[in-house]
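Let me begin by presenting the structure, written as structure tokens, before commenting on it.
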Amino acid sequence: MGKKNKTEFGCKQIQPMIPGYLDETLDMDSARIFTEHVKKCAVCRDELEISYLLKFGIEKVERGETINLTEDLDRTISDTEETMMRLTQFHTAVKLIEGTAVFMLCVCILLLYI
Ligand SMILES: [Zn+2]
């Protein structure tokens with residue numbers, strides 16, 4: 000029995016997303032895949048920490064703020080997750096409203112012909 004490599008999203012796909020993640024330019028699906036991967040994968044998490052430090056660390060030190068990398072990153076990741084959750088809820092609500100609207104329209108059309 001050979002080891003199966005997961006063909007879904009591997010580190011090779013995740014790591015190029017790091018700059019986009021820090022710039023908040025990833026689309027919702029990519030951001031979701033990214034955060035899920037980074038939470039499980041120490042290698043990509045390390046890469047993210049380095050990029051995060053390079054991007055925001057110097058700035059923070061210049062402003063005299065303290066850096067707590069793990070805490071900061073955890074907050075950034077949970078912020079993303081929260082945003083995605085809200086977006087998902089919003090999309091579900093919109094779909095529900097749309098569904099109801101279409102249903103009501105059908106009922107109205109039906110009633111007109113009865
Ligand atoms: Zn990885």
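If you count the sequence shown from 1, position 53 lands on 52 in numbering that gives the first Met the number 0, and the numbers rise without skipping.
In this text, a Cβ means the ideal position worked out from N, Cα and C, and glycines have one as well.
{"Asked": "Check: Ile13 C-beta below 7 angstroms from any heavy atom of ligand 1", "Found": "yes"}
{"Asked": "As assigned by DSSP and simplified to three states, the class of Leu52", "Found": "helix"}
{"Asked": "The segment 10-26 in contact with the segment 34-46 per 3-pair CB rule at 8 angstroms", "Found": "yes"}
{"Asked": "DSSP three-state assignment for Leu104, whether helix, strand or coil", "Found": "helix"}
{"Asked": "Cβ-based burial, Val60 [other Cβ within 10 Å; buried from 16]", "Found": "exposed"}
{"Asked": "Contact under 8 angstroms by Cβ, Leu21 with Lys54", "Found": "yes"}
{"Asked": "Spatial distance of Leu47 from Gly63 (CA atoms)", "Found": "22 angstroms"}
{"Asked": "Unbroken alpha helix (DSSP H) run spanning Ile17, endpoints", "Found": "17-22"}
{"Asked": "CB contact flag (Ile76, Val101, <8 angstroms)", "Found": "no"}
{"Asked": "As assigned by DSSP and simplified to three states, the class of Arg31", "Found": "helix"}
{"Asked": "Simplified DSSP assignment, three categories, for Asp26", "Found": "coil"}
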